Amino acid sequence: MKLSTREDIEAPIEHVWSRVTNFDGFERQALRRGAEVVRNDTMGAPGLGSEWDITYTFRGRPREIDARVATFDAPTTLRLEAQSGGLDGTVQVELVSLSPRRTRMQLSLEMAPRNLSGRLLVQSLKFARGNMEKRFKGRVYDYAQTVEASYRKAG
1 MKLSTREDIE APIEHVWSRV TNFDGFERQA LRRGAEVVRN DTMGAPGLGS
51 EWDITYTFRG RPREIDARVA TFDAPTTLRL EAQSGGLDGT VQVELVSLSP
101 RRTRMQLSLE MAPRNLSGRL LVQSLKFARG NMEKRFKGRV YDYAQTVEAS
151 YRKAG
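Numbered according to the UniProt record's numbering, the sequence shown spans residues 1 to 155.
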């Protein structure tokens, strides 16, 4: 199952890249939402090989995700790969500079089942695909607005 969307952001590509790779900020956001996040690398700075173990509750059951940065090509491409139970997941962010102060962000999320329980989960998510796409696009839009606001505030 794949979800994707794109947003044009009124900020230079370097600023958008710095926000997209602000892993510490994403970790804090997950912690505020009740997830447990453990970083497994010692790099300190964002980069290829950054890894996390994430534990959270979904549909009343605890879930674990092992995530890592698979592609880190500044300032254009970031790809995260994750494994959780019966699912493999990929999040890819691609940035394109449209002008010195405008950037297009293409974000995609792909989930592939590895076993029967994963297939059942993906199938149940497909039934709610319309609602999921709407929520996904709304969250990406909100994130793009946050990035724009941080650029206006900084400059």
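Built from N, CA and C at the ideal position, the CB exists for glycine as well. Since the structure is predicted, the reported quantities are computational estimates derived from the model, not experimental observations.
The beta strand (DSSP E) that contains T146, what's its start and end? In the sequence shown, residue 146 corresponds to position 146, counting from 1. It is not in any beta strand (DSSP E) - T146 instead sits in the alpha helix (DSSP H) that spans 129–154.
Going by CA-CA distance only, name the one from E51, V20, S97 that's closest to R39. In the sequence shown, residue 39 corresponds to position 39, counting from 1. The residue with the shortest Cα to Cα distance from R39 is E51.
Pick helix, strand or coil for G89, following the three-state DSSP scheme. Within the sequence shown, residue 89 is the residue found at index 89, counting from 1. Residue state, collapsed to three classes: strand.
What is the DSSP secondary structure of D53, counted as helix, strand or coil? Position 53 of the sequence shown, counting from 1, holds the residue named residue 53. Here DSSP, grouped into helix, strand and coil, assigns D53 to strand.
Per-residue burial, A144 [other beta carbons within 10 Å of its own, 16 or more giving buried]: To locate residue 144, count along the sequence shown from 1; it is residue 144. That one is buried.
Would you check if there are 3 or more beta carbon pairs closer than 8 angstroms linking the segment 1–21 to the segment 70–84? Touching, per the Cβ criterion.
Helix, strand or coil at D24 [DSSP, three-state]: For the purposes of this step, residue 24 is taken as residue 24 along the sequence shown, with counting starting at 1. Correct three-state label for D24: helix.
Do S108 and Q83 count as a contact pair if the criterion is CB distance below 7 angstroms? If you number the sequence shown from 1, residue 83 lands on position 83. If you number the sequence shown from 1, residue 108 lands on position 108. No, the Cβ-Cβ distance between Q83 and S108 is not below 7 angstroms.
Would you tell me roughly how many angstroms separate the C-alpha atoms of L98 and P12, rounded to the nearest one? In the sequence shown, counting from the first residue as 1, residue 98 sits at position 98. In the sequence shown, counting from the first residue as 1, residue 12 sits at position 12. Rounded to the nearest angstrom, the two C-alpha atoms are 9 angstroms apart.
In chain order, what residues of the same chain lie with their CB nearer than 6 angstroms to the CB of A35, ignoring the 5 residues before and after it? By 1-based counting over the sequence shown, the position of residue 35 is 35. Leaving aside the five residues that flank A35 on each side, the residues in its chain whose CB is nearer than 6 angstroms to its CB run, in chain order, I54, Y56.
Using alpha carbons as the reference points, say which of G130, A149, D142, E110 lies closest to K2. Numbered from 1 along the sequence shown, position 2 holds the residue referred to as residue 2. Cα-wise, what sits closest to K2 is E110.
Classify E94 as helix, strand or coil using the three-state DSSP reduction. Translated into positions along the sequence shown, residue 94 becomes position 94. Strand.
Hey, would you say G118 sits closer than 7 angstroms to G89, going by beta carbons? Within the sequence shown, numbered from 1, the residue matching residue 118 stands at position 118. Within the sequence shown, numbered from 1, the residue matching residue 89 stands at position 89. No, the Cβ-Cβ distance between G118 and G89 is not below 7 angstroms.
Could you tell me the boundaries of the beta strand (DSSP E) in which T5 lies? In the sequence shown, the residue the question calls residue 5 occupies position 5. Counting along the chain, the beta strand (DSSP E) containing T5 begins and ends at 2–9.
Straight-line CA distance for L121 to V16? If you number the sequence shown from 1, residue 121 lands on position 121. If you number the sequence shown from 1, residue 16 lands on position 16. Approximately 33 angstroms, taken between the alpha carbons.
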